[in-house]
Amino acid sequence: MANLGTRSKPAAKRRRERNGGNAGGGESGVVPAAVEAPSQRPRAGAAATLALSIDRDKVAAGLAEEQNLWRLMGLDVPTLRERARAGAIASKALLDEVKTLCLFVGYQRSGHSLVGSLLDAHPQMAIAHELDALFYLKQGFHPREILYLMLEVSRMHGEIGRRWGEYTYRVPGQWQGRHTQLEVIGDKKGGMTTLRIARNPGLLDQVMSRFGKRKRFIHVLRNPYDNIAAMVQHGQSLKAAIAEYFKLLRTNRAIIRRVGADAVATVHHEDLVADPRAELSRLCAFLGVTAPPDYLDACASIVFAAPRRPRHKIPWHPEILTMLERRVASKPMIDRYRFAD
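First residue of the sequence shown? That's 1 in UniProt numbering, and the numbers climb one at a time after it.
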């Protein structure tokens, strides 16, 4: 397993998976640190008899290429539905304790993986990495079955060190994949969640009406020039990346209007990198849990001192860049950003 935040061998091109498809992916934000042995503290209330065993080498290699976790485990949708149904029944008491459902919305390559991994390290949270909850909602899974899958994905990613693409997001000495008293459960699938709502707004209505928990949304932003450049680096044309970015921006504004501003916390990747303790304290308060000092210190230890800037790694036609600068300056949620920052 690679050290925390270090790049391993270059990741293969991102694969879009219709069965829980990938629209997000790894991003900068973690700093190298020595890998420790996983903590042996128990997961309170876990349905251990249902836990899947993991071929660590196979799964880790697949996650390094951003492959779908369930396909790596050899589980198709019908099999997963049976497992989720049984797991939801076995974990009823545990899931009943949960007060808050947390979903991520946003943009491709924005820093969601870092935020989700830091929150999953909290002893009262289980944040699944790349479950794609709305895919399973669309497939007819019951909300409680989806909650169980969130719990299971958190556990499995915790066991293998929160690996994704070129990076690992393991927080040493904390609770990734485990918990004490579970208060918050969620799914980190920001760009795809927004895309699915753009295609089918009724999915958001189902989230709001069917899950029976307090709903909280985390909206992760970064410099849009970096978002767009990273999308180009992963195979899109510049014009297509710009069009998709602004489609996501429009959809996220509509989501915020629909659910209410009080139910959404916007996180700027650059602010998180600059002061991770302050931003994580704010997010914990937003989600209704405290932020222990040891948790904040451990999370801060894996965050880079400065974000990566892929906007300087691709060519920009002057006319396109001028047009883009005008558009960015006209949008209130992103008007703080400049190409030259």
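Yeah, the Cβ is synthetic: ideal placement off N, Cα and C, and Gly gets one too.
What you are looking at is a predicted structure, and each value in this text was computed from that prediction instead of being measured.
What are the partner residues of L221, as DSSP defines its beta bridges?
DSSP, once it has assigned bridges, lists H268 as partnering L221.
Which partner residues of Y107 appear in the DSSP bridge assignment?
Y107 is not bridged by DSSP to any residue.
Inter-stretch contact (C-beta, 8 Å, three-pair minimum) for the segment 275-294 and the segment 309-321
Counting Cβ pairs under 8 Å, fewer than three are found: no touch.
Residues bridged to R214 [DSSP beta-bridge criterion]
Answer by DSSP bridge pairing, in chain order: T100.
Rounding to the nearest angstrom, what Cα-Cα distance links residue 361 and V273 in this structure?
The structure shown does not extend to residue 361, since the chain is modelled only from 1 to 341, so the question has no answer here.
Taking the alpha helix (DSSP H) that K239 belongs to, which residues open and close that run?
Where K239 is concerned, the enclosing alpha helix (DSSP H) stretches over L238 to V259.
Could you pull out every unbroken beta strand (DSSP E) segment of at least 3 residues lying fully inside the segment 109-177, listed in chain order?
Runs found: 125-129.
Find out if the Cβ-Cβ distance for the pair residue 353, G186 is shorter than 9 Å.
Here the chain covers residues 1 to 341 and nothing more, so residue 353 does not appear.
Between the segment 139-146 and the segment 190-202, can you find at least three pairs of beta-carbon atoms closer than 8 Å?
Under the 8 Å Cβ criterion, the segment 190-202 does not count as touching the segment 139-146, having fewer than three qualifying pairs.
Using a 10 Å radius around the Cβ and a threshold of 16 neighbouring Cβ atoms, would you call T168 buried or exposed?
Result: buried.
From what residue to what residue does the alpha helix (DSSP H) around G191 run?
G191 -> alpha helix (DSSP H) spans G190 to R199.
In chain order, what residues of the same chain lie with their CB nearer than 7 Å to the CB of residue 348, ignoring the 5 residues before and after it?
Only positions 1 to 341 of the chain appear in this structure, which leaves residue 348 out of reach.
Give me the Cα-Cα distance between M150 and A126, rounded to the nearest whole angstrom.
Taking the CA atoms as reference points, M150 sits about 7 Å from A126.
Roughly how many angstroms separate the alpha carbons of L114 and I320, rounded to a whole number?
L114 and I320: Cα-Cα distance of roughly 30 Å.
Three or more beta-carbon pairs under 8 Å between the segment 233-242 and the segment 78-97, yes or no?
Not touching, per the Cβ criterion.
T79 - containing alpha helix (DSSP H), residue span:
V77 to A90 is the extent of the alpha helix (DSSP H) around T79.
Report the rounded CA-to-CA distance for L324 versus E244, giving the unit in angstroms.
Each residue's Cα considered, the two are about 13 Å apart.
Just tell me which of F246, P224, C284 and D120 has its CA closest to the CA of A340.
Comparing Cα positions, the closest option is P224.
To the nearest angstrom, how far is the alpha carbon of P315 from that of H112?
Rounded to whole angstroms, the gap between the alpha carbons of P315 and H112 is 25 Å.
Run the CB neighbour count on T322, radius 10 Å, all protein chains shown included, and call it buried at 16 or more, exposed below.
Exposure of T322 is indicated by the presence of fewer than 16 other C-beta atoms within 10 angstroms of its C-beta.
Which same chain residues end up closer than 6 Å to I89 when comparing Cβ atoms and leaving out the 5 residues on each side of it in sequence?
When the five nearest sequence neighbours on each side are left out, no beta carbon in the same chain lies closer than 6 Å to the beta carbon of I89.
How long is the line joining the alpha carbons of L4 and R216, rounded to whole angstroms?
Residue confidence for L4 is low, a pLDDT of 30 falling below 50, so the modelled location carries little weight; the figure read from the coordinates is stated next. Per the coordinates, the alpha-carbon of L4 lies some 29 Å from the alpha-carbon of R216.
T290 classed as buried or exposed, judged by whether at least 16 other C-beta atoms fall within 10 angstroms:
Taking a 10 Å sphere around the C-beta of T290, we find fewer than 16 other C-beta atoms and assign the residue as exposed.
Only counting the same chain, and skipping five residues up and downstream in sequence, which positions put a Cβ closer than 7 Å to that of R326?
Cβ within range, chain order: n/a, list empty.
Whole-number beta carbon distance between L283 and L119, since they are thought to touch under 8 Å
Right, their Cβ atoms sit about 7 Å apart.
V98 CB to nearest heavy atom of the ligand SAM below 8 Å:
You won't find the ligand SAM in this model; it holds no ligand whatsoever.
Assigned secondary structure, E36 (DSSP; H/G/I helix, E/B strand, else coil):
Because E36 carries a pLDDT of 36, less than 50, the predicted location of this residue cannot be relied on, and no value is offered for it.
Going along the chain, which residues of its own chain have a beta-carbon closer than 8 Å to the beta-carbon of T194, five neighbours each way excluded?
Only V105, G106, Y107, L248, T251, N252 and I255 meet the Cβ criterion.
The alpha helix (DSSP H) spanning residue 360 covers which residue range?
The structure shown has nothing for residue 360, since the chain only spans 1 to 341.
Can you check DSSP and say which residues form a bridge with G186?
DSSP, once it has assigned bridges, lists C102 and I127 as partnering G186.
Which of the three DSSP states is assigned to V289 in this structure?
V289 carries a coil assignment under DSSP once its states are collapsed to helix, strand and coil.
Spatial neighbours of A300 in its chain, beta-carbon cut-off 6 Å, leaving aside the 5 residues before and after
Apart from the 5 residues on each side of it in sequence, A300 sits with its Cβ closer than 6 Å to the Cβ of P276 and R277 in its chain, given in chain order.
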